[in-house]
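As structure tokens, the structure follows; a few thoughts come after it.
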Amino acid sequence: MSYDVVVVGGGIGGLTVAALLSARGVSTCLLERNSQVGGCVARVEFSGHDFEPGMGLYTSFGPGEIYDRVFSELPVEVPETSLLAGRESYYSIKGGPASVAERLAKSIKKSGGTLRLNTPVLRLAYDESGQRAIGVDLLSGETVIARKAIVSNLTVWDTYGKLIGLNRTPLETKKLLKTLQGSGVYVIYASIEEQALSRLPGERFTIAEFTVAVSTPGSAPVGKRAVTLITTTDATEWFAFQSSEEEYEERDQMALEGFWARVHAALPQLGGDIEIIETANPRTYYDTTRRKLGMVLGFDSPATALGHHTNLPNVIMVGDTVTAEARMDHVVASALALVNDLTS
Ligand SMILES: Cc1cc2nc3c(=O)[nH]c(=O)nc-3n(C[C@H](O)[C@H](O)[C@H](O)COP(=O)(O)OP(=O)(O)OC[C@H]3O[C@@H](n4cnc5c(N)ncnc54)[C@H](O)[C@@H]3O)c2cc1C
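Quick note: the sequence shown, position 305, residue 309 per our numbering, numbers continuous.
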């Protein structure tokens, strides 16, 4: 198959690029390795609870702001949002941020673009000279041709390490990539009795080292609410346990017990009205997103030094490892700028 633009990865960045390009009439195909779109904001569902995948702090949904500007070009509505009580300029998104990803996916299809799930990309495909990228090779052996550009929504490490290939990566870039570090996160997905909600400080708050987000009503079985508790953790240490699965399990159990004791100590008023449903750690994030060491937050400044461009003129990057901050609105804004460049 052949398209003007092939987008690799269906995180917020890749989806925004593909939705805007398709709406502007550019033949576009997005390839996502998972069975659902969203990457870091993909739907997290366990035991009938639809959990907030992030910290639940989303900005720039006001009139004339970035989501308004992007969705005004698309044949779908921006998801319903409301300002969070006591949290000026932060919004809660009905259905969570996954609904933004899902609307963008719907928009791609409505505009005649192609979206392929369960389609892992292996690497770039090169022309006979071996100098010019002509598309991507899929894990299945198929080649998808990109006549104008390939947009990578993979992290900078994977764009160079996997797609472009380290043997084609300039030495300076390789050095820079080694210095680039981000944080990992440890997440507790819990269920809370609805009648206990009034004993919490609000829908979004920070307690001990955790940022807590209560999902919108209707996101859990009757009488319950889904709650996400997130804290940062050193990403690398979670990968030092690969030699033994038992050691890793033990590490995970110790982390959970320590964190859970601190949550209870900080919220004694909850008593037994909160129960753990599931957890996530950097290894889980690696498995679901393929991000190096599961690093998702808090990148050092060298990331932005790379910008959107790679050493190959028709291979461009989008996503939170090439924006100033790992935030959804920053990724969406940079995707719009990239599409403006591509279509000017
Ligand atoms: C725990 C947590 C809390 C957060 N809280 C907030 C918040 O409150 N507010 C906020 O604004 N932001 C928040 N963020 C940040 C925000 O969610 C991310 O910055 C943003 O979603 C990242 O989008 P991305 O475009 O970089 O793509 P990613 O989410 O990294 O997605 C990349 C996609 O590429 C796919 N992929 C990878 N390899 C391949 C391959 N070989 N072939 C095909 N597809 C592939 C992956 O499956 C994935 O779907 C949070 C992030 C996390 C992790």
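Note that CB positions come from ideal geometry on N, CA and C, so glycine has one too.
- Assignment of beta strand (DSSP E) within the segment 41-84, counting only whole runs of 3 or more residues, yields 48-50 and 53-55 in chain order.
- Fully contained in the segment 217-244 is no alpha helix (DSSP H) run of length 4 or more.
- Remark: the C-beta of Asn157 is in contact range of ligand 1, defined as less than 6 angstroms to any heavy atom.
- Checking the 6 angstroms criterion, the Cβ of Ile192 is out of range of every heavy atom belonging to ligand 1.
- Annotation: the continuous alpha helix (DSSP H) that includes Thr183 extends over Leu175 to Thr183.
- Separation of Thr173 and Ser51 (C-alpha to C-alpha, rounded to the nearest whole angstrom) is 44 angstroms.
- Taking the Cβ atoms as the reference, Tyr190 lies roughly 15 angstroms from Ile281, outside the contact range of under 8 angstroms.
- With a cutoff of 7 angstroms on beta-carbon distance, Ile97 and Tyr71 are scored as not near each other.
- When only Cα atoms are considered, Leu126 and Arg203 end up about 49 angstroms apart.
- Measuring C-alpha to C-alpha distances from Ile196 to each of Gly139, Ile278, Val155 and Phe214 identifies Ile278 as the nearest.
- Cβ-Cβ separation between Gly18 and Asn157: approximately 3 angstroms, consistent with a contact (criterion under 8 angstroms).
- Here the segment 35-55 makes contact with the segment 8-24; the two share three or more CB pairs at distances below 8 angstroms.
- Listed in chain order, the non-local C-beta contacts of Glu81 below 8 angstroms within the same chain comprise Phe75 and Arg107, local neighbours out to five positions each way being set aside.
- Listed as beta-bridge partners of Asp141 by DSSP are Arg127 and Thr147.
- In the DSSP assignment, Ala284 falls outside any alpha helix (DSSP H) and within the unbroken beta strand (DSSP E) covering Ile278 to Ala284.
- For Val267, the uninterrupted alpha helix (DSSP H) segment begins and ends at Glu249 to Ala270.
- Annotation for Leu342: the continuous alpha helix (DSSP H) segment containing it runs Met332 to Thr347.
- Distance from the CA atom of Thr163 to the CA atom of Thr177, rounded to whole angstroms, is 12 angstroms.
- Secondary structure at Ser202: helix, using DSSP grouped into helix, strand and coil.
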